[in-house]
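Asks: Heads up: the sequence shown runs through residues 256 to 526, numbered per our numbering.
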Amino acid sequence: MASFNPTPLGHEDSLGVRYHPRVSSSSFDRCSKARGPSPIPLSIASEINVIIKSNQSHSSNFRNTLIDEAHFFWLNGYVNKQNCRIWSEANPQVYVETPLHPEKLTVWCALWAGGIIGPYFFKNDEGHNVTVNGDQYRAMITNFFIPKLNNHDVQELWFQQDGATCHTARATIDLLKDAFGDRLISRFRPVNWPPRSCDLTPLDYFLWGHVKSLVYADKPQTLDHLVDNIRRVIADIRPQMLGKVIENWTSRLDYIRASRGIHMPEIIFKM
256 MASFNPTPLG HEDSLGVRYH PRVSSSSFDR CSKARGPSPI PLSIASEINV IIKSNQSHSS
316 NFRNTLIDEA HFFWLNGYVN KQNCRIWSEA NPQVYVETPL HPEKLTVWCA LWAGGIIGPY
376 FFKNDEGHNV TVNGDQYRAM ITNFFIPKLN NHDVQELWFQ QDGATCHTAR ATIDLLKDAF
436 GDRLISRFRP VNWPPRSCDL TPLDYFLWGH VKSLVYADKP QTLDHLVDNI RRVIADIRPQ
496 MLGKVIENWT SRLDYIRASR GIHMPEIIFK M
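#1: Is it buried or exposed, residue 494, if we count other Cβ atoms within 10 angstroms and call 16 or more buried?
#2: Assign residue 324 to one of two classes, buried (16 or more other C-beta atoms within 10 Å of its C-beta) or exposed (fewer than that).
#3: Hey, residue 360 and residue 328: beta-carbon distance below 8 Å or not?
#4: Measure the C-alpha to C-alpha separation of residue 375 and residue 443 and round it to an integer number of angstroms.
#5: Thinking just about the alpha-carbon of each residue, which of 466, 344, 441, 437 is nearest to the one in residue 423?
#6: Does the beta-carbon of residue 239 have 16 or more other beta-carbons within 10 angstroms, so that it is buried, or is it exposed?
#7: Can you tell me which residues form a DSSP beta bridge with residue 323?
#8: Please report the straight-line C-alpha distance between residue 484 and residue 478, rounded to a whole angstrom.
#9: By DSSP, does residue 415 sit in helix, in strand, or in coil?
#10: Please say whether residue 366 and residue 458 have beta carbons closer to each other than 8 Å?
#11: Assuming residue 364 contacts residue 462 (C-beta within less than 8 Å), just tell me the rounded distance between them.
#12: Given a threshold of 16 other Cβ atoms within 10 Å of its Cβ, counted over all protein chains shown, does residue 507 qualify as buried or as exposed?
#13: What is the rounded straight-line gap between the Cα of residue 369 and the Cα of residue 490?
#14: For residue 268, which of helix, strand or coil comes out of DSSP?
#15: Quick check: the Cα distance between residue 386 and residue 377, rounded to an integer number of angstroms?
#16: Go to residue 464, then tell me how far its alpha helix (DSSP H) extends in each direction, as first and last residue.
#17: Suppose only complete runs of 4+ residues qualify. What are the alpha helix (DSSP H) ranges in the stretch 376-427, listed by chain order?
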């Protein structure tokens, strides 16, 4: 007689959710979402925090971690809500109006405790402002970022980027590995970075907001005027301020590690 092994009633996922094997994946996903946002993996925050603490001990200059990102600046001052996340148990009923054909710039910067590399404005071969694709991002790294970086006497520099497709394309990763080796914090890299983590990215929670609070003060009427304002405001940011920004960044990572990866109930604004 053949033996009979009864189907278990269910098992738990990594978040402790018990589900039945006959429940469809879509139904299980809906139930998981009802529990609220998933925590950031603890190992990721710990890995990054160890890197930063190690850099602090190796260099009085510090914290050799470069964080890069590109961002839109609209001529009319419109604020892109792409990185705004509203966590709520109920639908917040928030509507965002978007201009139909806005004039805008795509601006890139890399920030670390010692300064800012950039701004860089993405343009095509005809000189028109464009959004970023893989070819343009790699051209910026080769022709702008690496030459600027070579002007800084910094050893054992780490580079952190988010999971945008142009960042994680194989050709891009190969280019960055030539410059940084395994000191690369990115999606699917030796040190992972949690997606949708703008509260852990200094350019999101500090730089772009700081710059936008100042560049529209004189109501620029042309993109060239806006470019001049962006260059001026970024050039005025002192290393002392950037040092405090990076200290705030490490405190956020400490919070994530101590709380075992849960989302921060309130943003740490103190700098």
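Glycine is no exception: its CB is placed at the ideal position from the N, C-alpha and C atoms.
Replies: Quick look at the numbers:
#1: exposed
#2: buried
#3: yes
#4: 26 Å
#5: 441
#6: Here the chain comprises residues numbered 256 to 526, so residue 239 is not present and cannot be evaluated.
#7: 365
#8: 10 Å
#9: strand
#10: yes
#11: 6 Å
#12: buried
#13: 13 Å
#14: For residue 268, the predicted structure reports a pLDDT of 38, less than 50, and the residue's modelled location is therefore unreliable. A value from the coordinates is still provided. DSSP places residue 268 in coil when its eight states are reduced to three.
#15: 7 Å
#16: 463-470
#17: 389-395, 401-404, 420-423
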